[in-house]
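Report on the following structure.
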Amino acid sequence: MAAVVLPNTTTGTISVWGGTKDGKDAYIDHQTRQTNVIPPCDIPITAQDVRSFERKPSYEKDGYEMMRSPTQLKAEDFLNSNTEEGKKLIQDVYYEECRRLVEKTTKAALVFPVTFRIRQDIDTKVPEPNQTEVVSKGLSKNPRPIAHVDRDPTTAIIVLRDIVGDERAEELLKKHKRWAQVNVWRPIENVAQRWPLTFMNHENIADWSYDEFIGRVYNYNDPRQQFRGAIPYDTVAKGDPRYVYHYASNMTPDEVWVFSSFDSDPKMVQPHGAFWDRNTPVDAPPRRSIEMRSLVFW
1437 MAAVVLPNTT
1447 TGTISVWGGT
1457 KDGKDAYIDH
1467 QTRQTNVIPP
1477 CDIPITAQDV
1487 RSFERKPSYE
1497 KDGYEMMRSP
1507 TQLKAEDFLN
1517 SNTEEGKKLI
1527 QDVYYEECRR
1537 LVEKTTKAAL
1547 VFPVTFRIRQ
1557 DIDTKVPEPN
1567 QTEVVSKGLS
1577 KNPRPIAHVD
1587 RDPTTAIIVL
1597 RDIVGDERAE
1607 ELLKKHKRWA
1617 QVNVWRPIEN
1627 VAQRWPLTFM
1637 NHENIADWSY
1647 DEFIGRVYNY
1657 NDPRQQFRGA
1667 IPYDTVAKGD
1677 PRYVYHYASN
1687 MTPDEVWVFS
1697 SFDSDPKMVQ
1707 PHGAFWDRNT
1717 PVDAPPRRSI
1727 EMRSLVFW
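Structure representation (structure tokens):
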């Protein structure tokens, strides 16, 4: 009998849904700062390094896949995205790179890139700038350490309608049996050692569904509406001991994750988030990354 090869692992923490103080729907009023949300729970996790797997996760089977995929753009091109020239370069060059990559990886009939986000590791000792200031500069606040899916079936359709219009959206949904939002996630400039991205594999949860395993936080007077549209709520993953956590150690800017951050097939969507790796070197550089989102139809 062949010996079983155990994957390399690390330990750390990630934040998950904490619930509400009154048992009602979760909400945050960004103007009055009133909320009934209990802060996310930090839970300990053991994350398996996919680099040590005999069979690595594949998009076709698991909904997420890591691969080597160098880009024409340099780190400064991505970090210059707060200028019109920099944003146009990403849209003209990087969007097409990602479209081809997603089309090849997913074997989809239709792929169209829609948006991107730059994340930059901010020193936690320094007060974070406000949301409006950060987004206006083309940067998100921090790697997102809260496990989540980007969209659920309700908010995904809102995004689709905002982008292509109601009539075109109806045509696409009638024509295609499956659709998804597929992200391409890439480190920028540095090897990603701080706050690596992890995926919550739910293969062991046969009845996984958006309704049961994702919490909704409704946003009122949300300043982000001007940047992301009228999305009524955020979607936060609930903890469950049956999840198996996967990550890739020391990802380079020539490597990417391709994964479903929403999928009309619930088996294929991947709750994900940045986690704090307890084995992070003390001199690890700040984590910078870009995630490119595409709408994909089969």
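All letters in the sequence shown, in the order written, are residues 1437 to 1734 by this note's numbering. Don't be surprised by glycine CBs; every beta carbon is placed ideally from N, CA and C. Just so it is clear, the structure is predicted and the values come from calculations on it, not from any experiment.
Assignment of Pro1549 by DSSP, reduced to helix, strand and coil, places it in the strand class. By the criterion of a C-beta distance shorter than 7 Å, Thr1542 is surrounded in its chain by Tyr1495, Val1618 and Val1732, once the five residues flanking it on both sides are discounted.
Bounds of the alpha helix (DSSP H) holding Gly1522 are Glu1520 to Leu1525.
Listed in chain order, the non-local C-beta contacts of Asn1715 below 7 Å within the same chain comprise Thr1446, local neighbours out to five positions each way being set aside. Beta-bridge partners of Trp1644 (DSSP): none assigned. For the 7 Å CB-CB criterion, Ile1667 and Phe1514 do not form a contact.
If you look at Ile1599, you'll find it in the alpha helix (DSSP H) that goes Pro1589 to Val1600. If you look at Arg1622, you'll find it in the beta strand (DSSP E) that goes Trp1615 to Pro1623.
Residue pairing of Leu1633 in beta bridges, as defined by DSSP: Ala1710.
Membership of Arg1652 in the beta strand (DSSP E) is indicated by the continuous run Ile1650 to Tyr1656.
For Val1538, the uninterrupted alpha helix (DSSP H) segment begins and ends at Tyr1531 to Thr1542. Under DSSP, the beta-bridge partners assigned to Ser1730 are Pro1549 and Val1618.
With contact defined as three or more Cβ pairs closer than 8 Å, the segment 1461 to 1478 and the segment 1647 to 1657 are in contact. Under the DSSP assignment, Phe1514 falls in the alpha helix (DSSP H) whose first and last residues are Ala1511 to Leu1515. Counting along the chain, Tyr1681 sits inside the beta strand (DSSP E) bounded by residues Val1680 to Tyr1683. Residue range Cys1477 to Asp1485 is occupied by the beta strand (DSSP E) that includes Asp1478, with no alpha helix (DSSP H) assigned at that position.
Our two residues, Ile1599 and Pro1717, have alpha carbons roughly 42 Å apart in a direct line. Boundaries of the beta strand (DSSP E) around Glu1691: Glu1691 to Asp1699. Going by DSSP, Glu1501 is part of the beta strand (DSSP E) stretching over Tyr1500 to Arg1504.
By the criterion of at least three beta-carbon pairs nearer than 8 Å, the segment 1522 to 1537 is in contact with the segment 1549 to 1556. Sequence-distant partners of Asn1626 (beyond 5 residues in either direction) whose C-beta falls short of 6 Å from its own C-beta, in its chain, are Pro1721.
In this structure, the straight-line span from the alpha carbon of Ile1479 to that of Glu1607 is close to 42 Å.
No residue range can be given for Thr1507, since it is assigned to no beta strand (DSSP E) and is classified by DSSP as neither H nor E.
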